[in-house]
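Those protein sequence lines, which keep their order, are chains A and B. Note that our numbering numbers the first sequence so that position 163 is 163, with each residue one more than the last. Add 1000 to a position in the second sequence, counting from 1, and you land on the number used in our numbering. Note that the Cβ used here is the ideal one computed from N, Cα and C, for glycine as well.
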Amino acid sequence: MDIQSILIEYFSRIPEITLLLGACVVLMAGVFSSAQNSWTYLLSQIVLLLTIYISITSATNSTGQYFNGMYVIDDLAVLTKSAMSILMFVVLLYSRDFINRNNFSAGEYYSLALFALLGMMLIASAGHLLMIYLGLELLSLSLYALVAMNRDDSASSEAAIKYFVLGAIASGFLLYGISLMYGLTGTLYLPELLARINDASGIGVIAALIFIVIGVAFKLGAVPFHMWMPDIYQGAALPVTLLVASVPKIAGFMLAVRLLVDGLQNIHLYWQQILMALALLSLVAGNLIAIAQSNLRRMLAYSTIGHVGYILLGFLIGDAAGYSAALFYTFIYALMSSAVFGVLLCAARMGLNITELSDLQGLSKTMPWLAFLLLLLMFSMAGIPMTVGFYAKLNILQVVVANGQIVAAVIAVITSVIGAFYYLRVIKLMYFDEGNDQVFADMPVVHGSLLSVHSLLVVVLFLFPQYLIGLCNSVFS
Amino acid sequence: MELPLLSLLIWMPIIAAIMILFAGRGAGGQMKWFALVVSLVELVASLILLQRALPHGKFQFIEQHVWIERFNIYYALGVDGISITLIVLTVFMTLLIVITSWRNIKKQVSHYLAAFLLLEGLMIGVFCALDAVLFYVFFEAMLIPMFLIIGIWGGPRRVYATIKFFLYTFLGSVFMLVALLYLYSQTNTFEIAAMYTVPLALNVQILLFLAFLVAFAVKVPMWPVHTWLPDAHVEAPTGGSVILAAIMLKIGGYGFLRFNLPITPDASRSLDWLLIALSLIAIVYIGFVALAQKDMKKLIAYSSIAHMGFVTMGFFVIYQITPGNYDFQAMAIQGGMIQMISHGFISGALFLCVGVLYDRLHSRNIEDYRGVVNSMPKFAALMVLFAMANSGLPGTSGFVGEFMVIIASFDASVWYAVFAAITLIVGAAYSLWLVKRTIFGETLNNNIATLSDLDGREFFALASLAVLVLWLGIWPAPLVEFIQPSIENVMHFALGTKLP
Chain A
1 MDIQSILIEY
11 FSRIPEITLL
21 LGACVVLMAG
31 VFSSAQNSWT
41 YLLSQIVLLL
51 TIYISITSAT
61 NSTGQYFNGM
71 YVIDDLAVLT
81 KSAMSILMFV
91 VLLYSRDFIN
101 RNNFSAGEYY
111 SLALFALLGM
121 MLIASAGHLL
131 MIYLGLELLS
141 LSLYALVAMN
151 RDDSASSEAA
161 IKYFVLGAIA
171 SGFLLYGISL
181 MYGLTGTLYL
191 PELLARINDA
201 SGIGVIAALI
211 FIVIGVAFKL
221 GAVPFHMWMP
231 DIYQGAALPV
241 TLLVASVPKI
251 AGFMLAVRLL
261 VDGLQNIHLY
271 WQQILMALAL
281 LSLVAGNLIA
291 IAQSNLRRML
301 AYSTIGHVGY
311 ILLGFLIGDA
321 AGYSAALFYT
331 FIYALMSSAV
341 FGVLLCAARM
351 GLNITELSDL
361 QGLSKTMPWL
371 AFLLLLLMFS
381 MAGIPMTVGF
391 YAKLNILQVV
401 VANGQIVAAV
411 IAVITSVIGA
421 FYYLRVIKLM
431 YFDEGNDQVF
441 ADMPVVHGSL
451 LSVHSLLVVV
461 LFLFPQYLIG
471 LCNSVFS
Chain B
1001 MELPLLSLLI
1011 WMPIIAAIMI
1021 LFAGRGAGGQ
1031 MKWFALVVSL
1041 VELVASLILL
1051 QRALPHGKFQ
1061 FIEQHVWIER
1071 FNIYYALGVD
1081 GISITLIVLT
1091 VFMTLLIVIT
1101 SWRNIKKQVS
1111 HYLAAFLLLE
1121 GLMIGVFCAL
1131 DAVLFYVFFE
1141 AMLIPMFLII
1151 GIWGGPRRVY
1161 ATIKFFLYTF
1171 LGSVFMLVAL
1181 LYLYSQTNTF
1191 EIAAMYTVPL
1201 ALNVQILLFL
1211 AFLVAFAVKV
1221 PMWPVHTWLP
1231 DAHVEAPTGG
1241 SVILAAIMLK
1251 IGGYGFLRFN
1261 LPITPDASRS
1271 LDWLLIALSL
1281 IAIVYIGFVA
1291 LAQKDMKKLI
1301 AYSSIAHMGF
1311 VTMGFFVIYQ
1321 ITPGNYDFQA
1331 MAIQGGMIQM
1341 ISHGFISGAL
1351 FLCVGVLYDR
1361 LHSRNIEDYR
1371 GVVNSMPKFA
1381 ALMVLFAMAN
1391 SGLPGTSGFV
1401 GEFMVIIASF
1411 DASVWYAVFA
1421 AITLIVGAAY
1431 SLWLVKRTIF
1441 GETLNNNIAT
1451 LSDLDGREFF
1461 ALASLAVLVL
1471 WLGIWPAPLV
1481 EFIQPSIENV
1491 MHFALGTKLP
């Protein structure tokens, strides 16, 4: 086989190669174009479309191991990578106008977003612990820079510093755990790790496991490793928050799957116990603290922590049904969360900057359609039927109950009642309170229509959930 | 192919509601007519259902489609005599709401009607669902339109009332969800009928029973989880109060018949004392509470709680009736069921009456009214009739159900009957005292003297309810016979045992 055909083969099978080259091109294009130039945006979207295409088509003929098993394409990787790149496409589309109007350096924003996506996709396809670590660092460093981009804003800088320090500590934990694992087993390949670690009776394995779980918990934002999240959500610029709040959640899920399931499934009885504590703490603390927030974005951050609790509940069962329920929840969460920030960006574009909860007052009069979309999303986040958020919770609860963890299920449902309160408060502010009769600009066409489709998906997926549930199920069986 | 009548009943109002929402605010006038037509078609469809129903206790008009294969969740619909009756009640009350809201709602009337149509479809869904998840979906989704109805069109403390309403009911129902998931783990299906036959140990049954109890006791509502109801009623607009009292409370009673009694019969038997005690407290204590109210809507709300006490009393007293005394047991459940229908008419009518007064003088305080009869004779006649029915006057529907429950509970214990019968006195006291203070006496002031009597729409709504109240009171036999086979079917499971 000549070099040309090998190259073509790699290009057509591994979306990361295209993405990497594209990100570099966008980076260069950003240097040579002015901030408001839309070239970088168009280039990034084209790169993303290509990535989406290659990710989806790689399902049919490309599954297998590459680069000596460092890199794996399996059904799960294909599904999550496609979802991540599609979501990133939507995120960039929502962000574009904000970037242009606020004099962000567009080239840097888009290229950092693409590099972050590259990191996430590498995590999803990792077959080797170092690969996971590299992907995670690429993701984290891009996100640190993105959060810090709004450098004249003190809240933004504070958020970036906190994120950087805590993120570095978390990476340190993870790396330390990985190095202990290597010392114990002599391998960094996940399949070999799986074969060699069968019990956790030794103190070394326990210690390594705890470090790894803490690292994962940091990245997911589970209590008590959640402190960075509210600051990022509040301090970062809106498009950055949108990015942080959506795509990396799927990457966090994949990080947990690759490390805990692919590598350490045989000692799941041990990590289960840690995850149980983390899950219940996140559910209770996330939902309770969210009530006390007056800032919408901080409230959403704590609500995310509550949702992470649900996702972890799916993990702690330790079987395929649990993982697929957690994956479904993650997808739905990423869908809802990106739509909520999409609504905020759309409102910003129409002339209303929503930061405090009180900014929502009377929104049903001034922006009826946006308010309606946000209403649907809030009901969905609360898990009320006729929205897909209900299935997400139902799936998790079903596996939890089926495994006899009734107490965990009861705690989970009680916290979701607590959670319902602050979601309802958002609806109350929009629909029951009177605001001032400002007049805002019309809804932007492209952003608005995509956002409508995106948000209405929570109802459509409720009525026809079969396909997505089936997908999440098939990748784990 | 047969027409999917139940799906039609459920989805037609929901789709109509969505269409109204999208039609925008400008088209308020046409939308009112559209809502009226939809609710009339619903009425016709429900009457066809009633007429085509076969006289056996099994589920009929069954529709079944796979919804989520992975969890064996089906879109499964079917009705028996109990659900058909409640569906007709729902459809009829919604029609009355559409008619009476015509002029009286000033703010976004088309959205108001859309919310009620949405609610109608969801409530019918609750009565039709044969799959536990489907039931839960409708049961929960129902909260959304009601939440908005109270929150948007309600009174001054509407936000407090509506959030309290939502959280109370949501908290109750999540426990039911866990119970349903547990049953799924035992049966591997969400089909409610399959849950009737799965054997369950007593301690498991008791936990399941309590989970269902929390869900439905909040809905009924039973003492001590009733406190959301007076708040919700007082703050809700008239239509919201009517639907809440006439149908939503019945969903609690319906839940007891569909879930508690057949799925956990042994737990029901061993916890019957608890339910009977709570029912008697509701009947007696809440009756006295009603006596002390100064706000008309609050008074009727408390009287609703007391009357719903008879429903739960009737359902659970069957375990204390001499075993083998089948007729009395059937009569107790019958009584509870008839009380639900009758209370739907009477409380709905009373809330409409308060709405009529409120629209004219914007006050619900009893002391702001006196001598209304002088300016509103037609209204006064109807309101007195409904108050009499509320206090259980023989010849009105209020009498039939209470009488049957009291007779049946005599067999269980004389004391039950005595305590329950106190309501006939207390009920008469608060109902008649309400009438005496508002309707009769000297005209209080000039505002009252210049009140205009019922207009055509209001008269039609109240008069048609009056006819039904009298019809059910004088000749309840058709209803009794219609639901008898279904009740016997429930009793077959409720009186059986599921211990392994």
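Check	Outcome
The stretch 1234-1241 of chain B touching the stretch 1166-1177 of chain B, judged by at least three CB pairs closer than 8 angstroms	no
Best match in 1478(B), 1304(B), 1315(B) and 1298(B) for proximity to residue 1055(B) [C-alpha to C-alpha]	1478(B)
The alpha helix (DSSP H) enclosing residue 1402(B), as first and last residue numbers	1397-1412
Exposed unless 16 or more other CB atoms sit within 10 angstroms - verdict on residue 442(A)	exposed
Spatially closest choice to residue 1402(B) from 1020(B), 1023(B) and 1392(B), by CA coordinates	1392(B)
Residue burial classification, residue 1294(B) (beta-carbon count within 10 angstroms, cutoff 16)	exposed
DSSP state of residue 150(A) mapped onto helix, strand, coil	coil
Member of 1440(B), 1320(B) and 1311(B) whose CA lies at the smallest distance from the CA of residue 1216(B)	1311(B)
4-residue-minimum alpha helix (DSSP H) runs that sit fully inside the stretch 81-163 of chain A, ordered along the chain	106-124 and 129-148
Buried versus exposed call for residue 1065(B) [16 or more other C-beta atoms within 10 Å across all chains shown]	exposed
Integer Cβ distance of residue 350(A) from residue 378(A), believed to fall under 8 angstroms	No, residue 350(A) and residue 378(A) are not in contact; Cβ-Cβ is about 19 angstroms, not under 8 angstroms.
Identity of the residue in 1397(B), 1038(B), 1092(B) and 1035(B) nearest residue 1461(B) by Cα	1092(B)
Proximity test, Cβ basis, 7 angstroms: residue 276(A) and chain B	no
Stretch pair the stretch 1463-1470 of chain B + the stretch 1155-1166 of chain B: three plus CB contacts closer than 8 angstroms	no
Residue 1446(B) - DSSP class collapsed to helix/strand/coil	helix
CA nearest to the CA of residue 79(A), picked from 55(A), 66(A) and 65(A)	55(A)
contact_flag[the stretch 165-184 of chain A, the stretch 233-251 of chain A] where n(CB pairs < 8 angstroms) is 3 or more	no
Buried versus exposed, by CB contacts within 10 Å (16 or more), residue 334(A)	buried
Distance CB(residue 320(A))-CB(residue 477(A)) smaller than 7 angstroms	yes
Alpha carbon of residue 273(A) to alpha carbon of residue 411(A), nearest angstrom	16 angstroms
Integer-rounded CB distance, given that residue 19(A) should sit under 8 angstroms from residue 117(A)	7 angstroms
Min CB distance residue 384(A) to chain B below 7 angstroms	yes
Backbone CA spacing between residue 1308(B) and residue 1123(B) [nearest angstrom]	19 angstroms
Three-state secondary structure assigned by DSSP to residue 1056(B)	coil
Cβ-based contacts, 8 angstroms cut-off: residues of the stretch 1142-1169 of chain B near chain A	1143, 1144, 1147, 1148, 1151, 1152, 1158, 1159, 1162, 1163, 1166 and 1167
Minimum C-alpha distance to residue 95(A) - residue among 428(A), 214(A), 401(A) and 340(A)	340(A)
DSSP three-state assignment for residue 268(A), whether helix, strand or coil	helix
Simplified DSSP state of residue 1077(B), which is helix, strand or coil	strand
Buried/exposed call for residue 1139(B), threshold 16 Cβ in 10 Å	buried
Cut-off 6 angstroms between Cβ atoms - residues of its own chain near residue 435(A), not counting five sequence neighbours on either side	361 and 362
Any chain A beta carbon closer than 7 angstroms to residue 1174(B)	yes
Burial state of residue 199(A), where buried means 16 or more other Cβ atoms lie within 10 Å	exposed
Best match in 1117(B), 1154(B) and 1045(B) for proximity to residue 1362(B) [C-alpha to C-alpha]	1154(B)
Given residue 189(A) as reference, the closest of 160(A), 137(A) and 65(A) once Cα atoms are compared	65(A)
Length at least 4, wholly inside the stretch 1125-1209 of chain B: the alpha helix (DSSP H) runs in chain order	1132-1141, 1143-1153, 1158-1187 and 1192-1197
Inter-residue spacing [alpha-carbon to alpha-carbon] between residue 478(A) and residue 286(A)	Any answer about residue 478(A) is impossible in this case: the structure gives chain A only from 1 up to 477.
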